[in-house]
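As structure tokens, the structure follows; a few thoughts come after it.
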Amino acid sequence: MEDTNVQPNVSIYSVSAEAETAIGIYLLLLGWLALLGNGVVILLLVKQRNILEAHDNLTLNLAVSDACIAIFGYSRGILEAFNLFRDDGVLIRTIWTCQVDGFLIMLFGLISINTLTAISVIRYIKVCQPSNAHHVNKPNVAIVIAGVWLCALFWSGAPLVGWGSYTTAHKYGMCEVDWVQARFSVSYKLYVILIFTFNFIIPVVVMWFSYVSIIRTLNNSHRTSRAGAVSERQKQMERRITMISLVLCLAFLLAWSPYAVLSMWSACGHQVPPLQIILASLFSKSASFYNPFIYFGMSSKFRQDFRGLFSCLSPGPGGSFRLDTVQLDLDILEVKGGIDEMDSGVELGSDRGAEDRKENQSSPLVPSIMAPNTSHRLLLRKLSDSGRL
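Spelled out as structure tokens, the structure:
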């Protein structure tokens, strides 16, 4: 089917009515899962905002961008697939145009990949360059987040002012950069090459370098202390947190790589079947809902906070906190003195003694179960298990 009202010499590919319904249902379910999941992450982080570490703000930024993709990245496709307002497409032609939709999808997609890149760099600094870890503070992280947003605004806004363009040649909410125009315009080709280089190739290289370096550092680490068991636990925690960050990056790249490769292949002058582009684009949209499930599956601290959130909303007879929801390794109480010197960990959300003292003062649990001569800091670390997100 063709619609020549969009652009000369550009046809809009359509699928069958049944396939349109399936696409609409897919986008609807994906949108709700992404919005609810990232909404929970945002709620948990905002609730704990007074005790968050600087780098936790990057996790919050990632959740916000993914939630925005759930709102803006799926809605136009749902409206188009179901024609919900029975307006024959008036809304998406006059208000929610392809230019607006393409800009928003590109904006929040770039924010997500660059935030993941920043997270990988911070993990690299904390594990491989611990002497520079003091630079990972809230002012510097705020500058990084501002830079991520400004860069995303620049690249996503360029087509709105004539450098590149957005097109809807494939329908179903797939307003995207017009990769095909790169074949005929040097300016468009330059835009496509630069956006692909700075927002896909370089982030992938940075993430690869960061996590390979982290894994090598952890594998080659042979730190010793008077409390070797605790040192080993710290190393295990570093590995666990690094693994969560690595899985986040791999999931994002898994979702976006097919679309990125096919788009560049098309921009280089090769023919790509429209159905392949549609499937790759739909698959890329799944990137926004992975993260909450990764947190839930890999972070015991997130699961604990998640249960605590809903127990606070609907407290049971025993109150909102149950001791049996915290898995304590009581053999930690047998560790002798000297534990407080172990401050080299890289837990998310509990890197420094000041943080631990703050939590000690606010925790009603510590005085009731702590054995004599046992470090408050050690016990709280045991309770927090894997740190924050």
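If you want this note's numbering, it's the position in the sequence shown, counting the first as 1, plus 144. Beta carbons are placed, not taken as given, at the ideal position from N, Cα and C, and that holds for glycine.
Asked	Found
V336 beta carbon near the ligand MG (any heavy atom closer than 7 Å)	Judged by which ligands are present, the structure shown has none, so any question about the ligand MG falls away.
Range of the contiguous alpha helix (DSSP H) that encloses P436	A431 to M442
Contact set for S256: own chain, Cβ-Cβ below 8 Å, skip 5 residues either direction	L206, S209, D210, I213, F396, A431 and S432
C272 versus E162: straight-line alpha-carbon distance, rounded	53 Å
Identified DSSP bridge partners for V324	For V324, which the question treats as bridged, DSSP gives no partner whatsoever.
T261 in three-state terms, based on DSSP	helix
CB of I422 within 8 Å of CB of C319, strictly	no
Spatially closest choice to N182 from L171, I215 and I239, by CA coordinates	I215
Minimum C-alpha distance to L334 - residue among D245, P303, I222 and Q448	P303
Any 3 or more C-beta pairs closer than 8 Å across the segment 258–268 and the segment 346–360	yes
Pair within 8 Å by beta-carbon distance, G308 and V324	no
Rounded separation between L362 and W240 - CA only	49 Å
Residue(s) in a DSSP beta bridge with T165	Note: T165 sits in no beta bridge, so no partner.
I388 vs S443 beta-carbon contact at 8 Å	yes
Cβ-Cβ distance between F447 and F440 below 8 Å	The sequence shown places Arg at residue 447, not Phe. Taking 8 Å as the Cβ cut-off, R447 and F440 qualify as a contacting pair.
Residue nearest to F437 in terms of C-alpha spacing, selected from E197, A411 and L180	L180
T386 beta carbon less than 8 Å from that of R220	no
Strand pairing of Y310, partner residues [DSSP]	V321
Status (buried if at least 16 other CB within 10 Å, exposed otherwise) for N435	buried
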